[in-house]
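Participant:
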Amino acid sequence: MNKSAIIKIIIASVVVLILTAVLIVSLVGERSNLLKNIFHGISNSDSYKSGNINVSTESITGLDVNWISGSVKITTHNGSEISVSETSSDILDDEDKLCYLVENGVLYIKYWKPRGVFSFGRMFSPTKYLTVSIPESKADLLDTLKVDAVSADTNIDKISIDDMDLKSVSGNIYITPVGSANSIKANTVSGEININAIVDSADFKSVSGDIVFNNIVKKIACKSVSGDIDIKSENCPDEIYAKSVSGEITFTIPENKGFTAKYSKVSGNFNCSFATVNSKEKAVYGDGSASFEFSTVSGDISIKNIKIKYY
Numbered sequence: 120m121n122k123s124a125i126i127k128i129i130i131a132s133v134v135v136l137i138l139t140a141v142l143i144v145s146l147v148g149e150r151s152n153l154l155k156n157i158f159h160g161i162s163n164s165d166s167y168k169s170g171n172i173n174v175s176t177e178s179i180t181g182l183d184v185n186w187i188s189g190s191v192k193i194t195t196h197n198g199s200e201i202s203v204s205e206t207s208s209d210i211l212d213d214e215d216k217l218c219y220l221v222e223n224g225v226l227y228i229k230y231w232k233p234r235g236v237f238s239f240g241r242m243f244s245p246t247k248y249l250t251v252s253i254p255e256s257k258a259d260l261l262d263t264l265k266v267d268a269v270s271a272d273t274n275i276d277k278i279s280i281d282d283m284d285l286k287s288v289s290g291n292i293y294i295t296p297v298g299s300a301n302s303i304k305a306n307t308v309s310g311e312i313n314i315n316a317i318v319d320s321a322d323f324k325s326v327s328g329d330i331v332f333n334n335i336v337k338k339i340a341c342k343s344v345s346g347d348i349d350i351k352s353e354n355c356p357d358e359i360y361a362k363s364v365s366g367e368i369t370f371t372i373p374e375n376k377g378f379t380a381k382y383s384k385v386s387g388n389f390n391c392s393f394a395t396v397n398s399k400e401k402a403v404y405g406d407g408s409a410s411f412e413f414s415t416v417s418g419d420i421s422i423k424n425i426k427i428k429y430y
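The opening position of the sequence shown corresponds to residue 120 in the numbering used here, with each subsequent residue numbered one higher.
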């Protein structure tokens with residue numbers, strides 16, 4: 120191995136470590152409020168009530184969920200109210216049950232009613248499965264959805280929400296909404312992001328997990344450490360930004376009027392099945408109107424035509 124190759128590998132390794140650390144810190148840092156709620160309590164905890172509940176849809180425009188250990192499922196049912204329920208194989212004491220509050224049009228749901236950090240009996244959390252069911256007739260009830268989960272998968276299905284903000288540590292995020300959304304943000308540490316949606320703006324971040332998207336998106340940004348990015352859009356997005364450390368980047372799009380793809384890579388190849396005009400780290404197709412930017416440390420970058428079969 121020659122000297123320049125060794126230097127390249129060393130530089131790439133350093134870049135991987137730095138970018139991994141930065142992304143992990145940023146993702147975990149965003150969860151400080153969740154951990155604070157779990158161990159130190161909620162500022163207005165006395166206002167929360169415990170246990171399963173049916174809530175009137177009147178004036179509800181938002182849903183905010185904090186959950187640890189188990190799963191979160193948000194879907195529809197044929198009832199007339201919002202159903203909030205949890206199940207567990209463990210016997211739940213009152214202090215172990217979920218708690219909820221409706222305030223300023225937002226339904227807040229917490230894993231349990233927090234106490235002080237020195238309540239050692241609460242340090243071990245039972246595995247609980249939360250289901251929030253929205254009436255089918257009001258599947259577009261919510262304007263906003265926020266979920267913070269630790270050691271729990273999040274599954275969003277059959278509902279229409281304008282803006283979603285989902286975060287998970289050690290859990291997967293699955294989204295299959297109906298209708299279209301303004302924005303979807305999804306961040307995971309040690310978990311997969313898998314989304315099938317029509318959305319104007321998407322922002323995904325993952326550490327140790329793949330990012331998979333299908334359907335239609337206008338603007339999309341993806342960052343991944345130790346995971347592949349696989350985006351298949353039925354339209355050509357206006358803007359794409361994708362950065363990966365140790366993972367493949369693949370965008371599959373239909374025939375379009377044109378894009379400009381700028382890319383940088385330390386180890387990997389740039390592949391494009393469109394007839395582009397190429398220069399150093401730049402590929403232009405058609406009128407070049409859409410803006411694509413890709414960056415990878417170790418992995419290939421591919422832009423594929425949706426009409427071509429790949430084996």
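C-beta: ideal position from N, C-alpha, C; glycine also.
Can you list, in chain order, the residues of its chain whose CB lies under 6 Å from that of PRO373, leaving out five sequence neighbours each side?
Facilitator: ILE425
Participant: Can you tell me whether SER363 is buried or exposed, with buried defined as 16 or more other CB within 10 angstroms of its CB?
Facilitator: buried
Participant: What are the residues that DSSP puts in a beta bridge with THR250?
Facilitator: Beta-bridge partners of THR250 (DSSP): LYS192 and SER204.
Participant: Do the CB positions of THR379 and VAL344 come within less than 7 Å of each other?
Facilitator: no
Participant: Return the residue from the list PRO254, PHE243, ILE228 and SER208 that minimises the CA-CA distance to GLU177.
Facilitator: PRO254
Participant: Output the distance between the C-alpha atoms of ILE427 and SER392, rounded to the nearest integer angstrom.
Facilitator: 9 Å
Participant: Pull up the distance between the alpha-carbon of ASN375 and that of ASP406, whole angstroms please.
Facilitator: Going by C-alpha positions, ASN375 is about 9 Å away from ASP406.
Participant: Would you report the Cα separation of GLY298 and ILE335, rounded to the nearest angstrom?
Facilitator: 11 Å
Participant: What does a CB cutoff of less than 6 Å around ASP183 pick up in its chain, not counting 5 residues either side in sequence?
Facilitator: VAL225, TYR227 and LYS265
Participant: Which same chain residues end up closer than 6 Å to THR206 when comparing Cβ atoms and leaving out the 5 residues on each side of it in sequence?
Facilitator: If we look at THR206 and ignore the five residues flanking it on each side, its Cβ neighbours are TYR248.
Participant: Taking the alpha-carbon of VAL326 as reference, which of GLY290, LYS277 and PHE389 has the nearest alpha-carbon?
Facilitator: GLY290
Participant: Taking 6 Å as the limit between beta carbons, can you name the residues of its chain near TYR293, skipping five residues before and five after?
Facilitator: ASN274 and ASN313
Participant: Counting only the same chain and skipping the five closest in sequence on each side, list residues whose C-beta sits under 6 Å from that of PHE411.
Facilitator: ILE359, PHE378 and ALA380
Participant: Does the beta-carbon distance from CYS341 to ALA361 come in below 7 Å?
Facilitator: yes
Participant: Verify whether the separation of the beta carbon atoms of SER175 and SER252 is less than 7 Å.
Facilitator: no
Participant: So, at 7 Å on beta carbons, what are the nonlocal neighbours of LEU260 in its own chain, with the 5 sequence-adjacent residues on each side left out?
Facilitator: THR176, ILE179 and ILE253
Participant: In whole angstroms, what is the alpha-carbon distance linking VAL396 and LYS229?
Facilitator: Between VAL396 and LYS229, the C-alpha separation is close to 54 Å.
Participant: What does the alpha-carbon distance come out to for the pair THR263 and ASP281?
Facilitator: 6 Å
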